[in-house]
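A.B. asks: Below is the structure I would like to discuss, written out as structure tokens.
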Amino acid sequence: MGMLTACQESSPYNYETVPNDPMKARIYTLDNGLKVYMTVNKETPRIQTYIAVRVGGKNDPAETTGLAHYFEHLMFKGTKQFGTQNYEQEEPLLNEIERLFEVYRKTTDEAERKAIYAQIDSISYEASKLSIPNEYDKLMAAIGADGTNAYTSFDQTVYQEDIPANQVENWAKIQADRFKNNVIRGFHTELETVYEEKNMSLTNDSRKVNEAMMAVLFPDHPYGLQTVLGTQEHLKNPSITNIKNYYKTWYVPNNMAICLSGDFNPDEMIRIIDTYFGDMQPNESLPAQPAIHPSPIKEVITQEVFGVDAENVNIGWRMPGASSLESDLMGLARSILYNGKAGLMDINIAQQQKVLSSYASGWTMADHASFILNGRPKSGQTLDEVKDILLAEIDKLKKGEFSEDLLEATIKNYKLSEMSRLEYNSARASLFINSFINGTPWRDQVEQMDRLSKITKQDIVAFANKYFGDNYVVVYKRQGKDPNETKIEKPSITPIETNRDKTSAFLAEIQASEVKPIEPVFIDFNKDMQKLQTKNDIEVLYKQNETNDIFSLLYVFDMGNNNDKALGTAFEYMRYLGTSTKSLQQINEEFYKLACYFGVSPGSERTYVSLEGLAEKMPEAMQLFEELLADAQVNKEAYANLAADIQKRRMNAKLNQSQNFNMLTQYAIWGPDSPAKNVLSNAELQNMDPAQLVDRIHKINSYKHRVLYYGPDKPQELIASIEKYHKVPDAFEPIPAGKEFVQSKTTENTVLLAQYDASQIYYTAVSNRGEAFDWTIYPILTMYNEYFSGGMNAIVFQEMREARGLAYSSSAYLNAPSKEKYSYIYRSFIATQNDKMIDAMKAFDDIINNMPESEQAFSLAKESLITRMRTERVSKSDILWSYIYSEDLGLDHDGRKQLYDEAQTMTLNDVKAFQQKWIKGRKYTYCVLGDEKDLDLKSLAEYGPIRKLTKEDLFGY
């Protein structure tokens, strides 16, 4: 792997390193086989931790698929030491639940099954009196951890925490106990959570397409034979016994890696990890991983998938896995085909507007990889026509119809991406996970850029000809009802006890432990950034990048679509325009060669014109960008195509669940006239003179604006570049008056119902009483949100997911306005089965209006908030954004200091008083996006008069 280095003077532990590693990684292997990967990054006093287990969906027993993912959820339920008030009393009840589930899964008679489930539910309720749900999350809150989560894929299960740098020992103590002594409790309510996650996947057409693609690409490997989430039948017939055996087999040190990036002393870190994890017992007879079959696909195979979303076509090839020699070639081939600027698909498809949208992607896994092309049809275009257009670009790749320059530019853009990635602890530690799970030596990661730079055009062409034959899979995603979708009746679940005020001795010990405190650091806008001025009186907000050679330059205009509803269309049109001296292709190729990117993003009230990339290339990128803004040329054919495509995308949006829900929510917040609907009508699009849109592009720099810069240039160098290359008039034009949209006040309870054909509803309740922005309530508002809905230890999560099994995700917050002129809005959200809707609404109403009170939960929420604030650092370009957001609210300082100071003395009574004044007894607009025929409309009408909204009501077109 690299040079073996023994550091006997400072540490008895040996570790491996690789020369010229920018991360200076150390890789340790403990005596029991546990791998520990470390990279030090002292930018913030925090550490990103991942614990990766080399096991995933591909290792699920064929008769209980979904097991790896389900066990990931159960790893949050505690051990014999935490998550329980008395394990000796709890254990026999848990054993009986396990026994009954084995009977249940082998019983076929429905009446008998219901009787057994009632028994399971009854014993589970008794067991819950002894448990302490979410105590793991209380432990994480106590040490100030952030981003508590986990994920499961085919090859891996990974547990993540972002911890303060002074909590390493407590973190190790908790994790070691969790991995060594897991206890399965709260099983049947968590099963409902997992099932809701499965429900979400059943209405996710892209997930269904992916599963269909995998099934054909890998017919002799678990990647294709089963899914990570498992089948509905297996999820409803689980085996705790199988899960326990799985845990004992795979969750062993010689199958695990701890991956760390952040502010720590490596010698101290490895000593602590060895202290707590060193006695874990390895499994010397780990089962073999699934066999990798070389059997190739020898013909074109087609599949169809049906669902409510818009039609698209997907073409997939089977490829060698992550550790193969071909992996580098596959990545480069993908970027040469598609990179968003100058790839074959970008130039020949996107810029020529041949299809509505297209991209190339892939999924690189340990054993195999897939190479995927996706395309969406224009209006009147067939999926087969799209398929042929995509395949034509594969032919060009095979014939070598691309330049050496494109390959060279791709390497340069890879380097930019790598440089950017190394700024973030999460990305740095994720590279370790990939190395461990895929079995690729760390040296291969360090030397990747060297390898890539030696790859020739001939290598790419040879790769393409070897792997891209008539050996692909086509999955047609067609619009229509999915014939395979089945609905499961909700089970009767007695809400389990939450025992919020109970504490295990283990948690008490962690809370009582003393660590050296880290003092908070707040932004001083006068010291941490600079305000510069150009000779044209443009204000420049400046922060120097001292980390790497990447720059970000933004022109910020306080105008947007509210000022001119054609602005968004104008800048979308710009993506298809050349200048009087350069074609669109030349412009995009030049940007790609410079490793620089530009974009224009008009929002409702503000437009961001952005340029970013390699700092040494900023002057050339600015000249090119300014040339495009000043000299974009009308292309009537491109506009006719764009207008038709926009209308097609609008039709597609009406089919998408998330977009329907977003527009329903906007309707609740703004009423029938909202910024989201302030776009050119279809008639206006068709009648628009494209010259008028180009005029808007040419004029943008003539409006008053300011510049944000984060990069390595010194202030005088930056000002010189702006004055030289940023083309502006002697006097700026005033911002045109905008349309003022008014948020709806919620004066009575009403129900907005929008039809969407899915087995899962999306629900939100919206309340706006018109309260003006008041900076003084920011601290207590933040504390209320933290206590009530801040994470897995909060009231909403415990009641909606943990106790009742009503949803995979749910939340409820009082949201502060983004600008002084707007009001506070209360919002709750849940996605759940259609037949659980009324249960969810009742539960939400109850906990929002009669907020459960728990001194224990409050003190943890308070402790967590304060600890996180001690180690949270706003740095780099975030300082500039923080300034802008503060300014929008009329503030000239970092408001977090006030929160930190006031949080020290807050009590549960303060939160209760806030809830009584600001939350209790509100009127709501209840929004339901769901399938009307499956909903209990009679019960829904009890919440207020039902108003049914059409797609036209929601979208405005």
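Every number in the working numbering is 27 more than the matching position in the sequence shown, counting from 1.
Note that CB positions come from ideal geometry on N, CA and C, so glycine has one too.
#1: Which residues mark the beginning and the end of the alpha helix (DSSP H) in which Met-283 is found?
#2: What residue range does the alpha helix (DSSP H) around Met-810 cover?
#3: Which value, in whole angstroms, describes the spacing of the CA atoms of Arg-831 and Ser-531?
#4: Nearest CA to the CA of Ile-267: which residue from Arg-527, Thr-111, Val-210?
#5: If you measure between the beta carbons of Glu-230 and Gln-787, is that distance less than 8 Å?
#6: For chain B, check one thing: does any of its Cβ atoms lie closer than 8 Å to the Cβ of Glu-643?
#7: Can you check which of these residues, Leu-256, Met-346, Asp-471, is closest to Tyr-178 by C-alpha distance?
#8: Could you tell me whether the stretch 518-537 touches the stretch 197-215, where touching means 3 or more Cβ pairs closer than 8 Å?
#9: Assuming Tyr-163 is part of the alpha helix (DSSP H), what are its boundary residues?
#10: Considering only DSSP beta bridges, list what His-395 is partnered with.
#11: Where does the unbroken beta strand (DSSP E) through Met-556 begin, and where does it stop?
#12: Report the CB separation of Asn-705 from Lys-592 in whole angstroms; it is logged as a contact under 8 Å.
#13: So Glu-452 is in the alpha helix (DSSP H); what residue range does that whole segment cover?
#14: Just the C-alpha distance for Tyr-569 and Pro-742, rounded to the nearest angstrom, thanks.
#15: Pull the bridge partners of Met-65 from the DSSP assignment, please.
#16: Confirm, please, whether the CB-CB distance from Asn-575 to Asp-290 is below 8 Å.
#17: Going by the DSSP bridge assignment, what does Lys-504 pair with across the sheet?
#18: Does the stretch 300-307 come close enough to the stretch 473-487 that 3 or more CB-CB pairs lie under 8 Å?
#19: Could you give the distance in angstroms between the alpha-carbon of Asn-452 and the alpha-carbon of Gln-75?
#20: Alpha carbon to alpha carbon, what distance is there between Phe-941 and Gly-765?
#21: Going by C-alpha to C-alpha distance, which of Tyr-984, Gly-358, Lys-207, Ala-145 sits closest to Met-690?
#22: Indicate whether the contact test is met: 3 or more Cβ pairs, each with one atom in the stretch 385-396 and one in the stretch 662-670, closer than 8 Å.
#23: Using CA atoms only, rank isn't needed, just tell me which of Glu-70, Thr-71, Ile-54 is closest to Val-63.
#24: What is the residue span of the alpha helix (DSSP H) that Phe-652 lies within?
#25: Kindly indicate which three-state DSSP category Thr-44 falls into: helix, strand or coil?
#26: Using the rule of at least 16 other Cβ atoms within 10 Å of the residue's Cβ for burial, across every protein chain shown, is Lys-275 buried or exposed?
#27: Identify the residues that DSSP records as bridge partners of Pro-717: which are they?
#28: Pick out whichever of Ser-351, Asn-282, Leu-383, Leu-244 has its Cα sitting closest to the Cα of Lys-325.
#29: Let me know the secondary structure DSSP gives Gln-202 once reduced to three states.
#30: From Ser-816 to Tyr-114, what distance separates their C-alpha atoms?
#31: Contact check, Phe-490 vs Ala-377 under 8 Å by CB: the rounded distance?
#32: Run through DSSP, which three-state label would Gln-75 get?
#33: By how many angstroms is the C-alpha of Gln-943 removed from the C-alpha of Ser-388?
#34: Quick one: is Gln-719 buried, meaning 16 or more other Cβ sit within 10 Å of its Cβ, or exposed?
#35: What are the boundary residues of the alpha helix (DSSP H) that includes Lys-484?
#36: Would you mind working out which of Glu-750, Glu-129, Ala-888, Tyr-278 sits nearest Pro-265, comparing C-alpha positions?
C.D. replies: Judging by the given coordinates:
#1: Mapped onto the sequence shown, residue 283 falls at position 256. Run containing Met-283: none in the alpha helix (DSSP H); it sits in the beta strand (DSSP E), 283-289.
#2: Residue 810 sits at position 783 when you count from the first residue of the sequence shown. First-last of the alpha helix (DSSP H) with Met-810: 805-816.
#3: Stepping through the sequence shown from its first residue, residue 831 is reached at position 804. Stepping through the sequence shown from its first residue, residue 531 is reached at position 504. So the alpha carbons of these two residues sit roughly 23 Å apart.
#4: Here residue 267 is taken as the residue at index 240 of the sequence shown, counted from 1. Of the listed residues, the one whose Cα sits closest to Ile-267 is Val-210.
#5: Within the sequence shown, numbered from 1, the residue matching residue 230 stands at position 203. Within the sequence shown, numbered from 1, the residue matching residue 787 stands at position 760. Glu is not the amino acid found at residue 230; the sequence shown has Thr there. Yes.
#6: The structure shown contains no chain B; it holds only a single protein chain.
#7: Walking along the sequence shown from the start, residue 178 turns up at place 151. The option with the nearest alpha carbon to Tyr-178 is Leu-256.
#8: yes
#9: Residue mapping note: residue 163 aligns to position 136 of the sequence shown, counting from 1. Taken as a continuous stretch (DSSP letters only), the alpha helix (DSSP H) holding Tyr-163 covers 162-169.
#10: Numbered from its first residue, the sequence shown carries residue 395 at position 368. For His-395, which the question treats as bridged, DSSP gives the partners Pro-347.
#11: Taking the sequence shown and counting its residues from 1, one reaches residue 556 at position 529. Note, Met-556: premise wrong, no beta strand (DSSP E); not H, not E.
#12: Looking up residue 705 in the sequence shown gives position 678. Looking up residue 592 in the sequence shown gives position 565. About 5 Å separates the two Cβ atoms, so the contact holds.
#13: To locate residue 452, count along the sequence shown from 1; it is residue 425. First, the amino acid is wrong: residue 452 is Asn here, not Glu. Residues 452-465.
#14: Here residue 569 refers to the residue found at position 542 when the sequence shown is read from its first residue. Here residue 742 refers to the residue found at position 715 when the sequence shown is read from its first residue. Using only the alpha carbons, I get a separation of about 8 Å.
#15: Along the sequence shown, read from residue 1 onward, the residue named residue 65 stands at position 38. In DSSP, Met-65 forms a bridge with Arg-53, Leu-287.
#16: Working through the sequence shown from its first residue, we reach residue 290 at position 263. Working through the sequence shown from its first residue, we reach residue 575 at position 548. In this structure, Asn-575 does not lie closer than 8 Å to Asp-290 by Cβ.
#17: Locating residue 504 in the sequence shown gives position 477, where the first residue counts as 1. Paired residues: Val-332, Asn-339.
#18: no
#19: Position 425 of the sequence shown holds residue 452. Position 48 of the sequence shown holds residue 75. Spanning the two alpha carbons is a distance of roughly 6 Å.
#20: Position 738 of the sequence shown, counted from the start, is the residue given in the question as residue 765. Position 914 of the sequence shown, counted from the start, is the residue given in the question as residue 941. One C-alpha to the other measures close to 36 Å.
#21: To locate residue 690, count along the sequence shown from 1; it is residue 663. Of the candidates Tyr-984, Gly-358, Lys-207, Ala-145, the one whose C-alpha sits nearest the C-alpha of Met-690 is Tyr-984.
#22: no
#23: In the sequence shown, the residue the question calls residue 63 occupies position 36. Ranking Glu-70, Thr-71, Ile-54 by Cα distance to Val-63 puts Ile-54 first.
#24: Your numbering for residue 652 matches position 625 in the sequence shown. It spans 645-658 - the alpha helix (DSSP H) in which Phe-652 sits, taken as one unbroken run.
#25: In the sequence shown, the residue the question calls residue 44 occupies position 17. It is a strand residue.
#26: Counting from one through the sequence shown, the residue named residue 275 turns up at place 248. So Lys-275 counts as exposed.
#27: Sequence index remark: in the sequence shown, residue 717 carries index 690 (1-based). According to DSSP, which records beta bridges pairwise, Pro-717 is partnered with nothing at all.
#28: If you number the sequence shown from 1, residue 325 lands on position 298. Minimum Cα distance to Lys-325 is reached at Leu-244.
#29: In the sequence shown, counting from the first residue as 1, residue 202 sits at position 175. Looking at Gln-202 - three-state DSSP - the assignment turns out to be helix.
#30: Numbered from its first residue, the sequence shown carries residue 816 at position 789. Numbered from its first residue, the sequence shown carries residue 114 at position 87. Cα to Cα, the separation comes out at about 29 Å.
#31: Along the sequence shown, one-based indexing puts residue 490 at 463. Along the sequence shown, one-based indexing puts residue 377 at 350. About 23 Å separates the two Cβ atoms, so there is no contact after all.
#32: The sequence position of residue 75 within the sequence shown is 48, counting from 1. The answer is strand: DSSP assigns Gln-75 an E or B state.
#33: Here residue 388 refers to the residue found at position 361 of the sequence shown. Here residue 943 refers to the residue found at position 916 of the sequence shown. In a straight line, the C-alpha of Ser-388 is about 51 Å away from that of Gln-943.
#34: Here residue 719 is taken as the residue at index 692 of the sequence shown, counted from 1. Its Cβ having fewer than 16 others within 10 Å, Gln-719 is exposed.
#35: Within the sequence shown, residue 484 is the residue found at index 457, counting from 1. Run containing Lys-484: 484-494, per the alpha helix (DSSP H) assignment.
#36: Within the sequence shown, residue 265 is the residue found at index 238, counting from 1. Looking at the Cα atoms, Glu-129 is the closest of the given residues.
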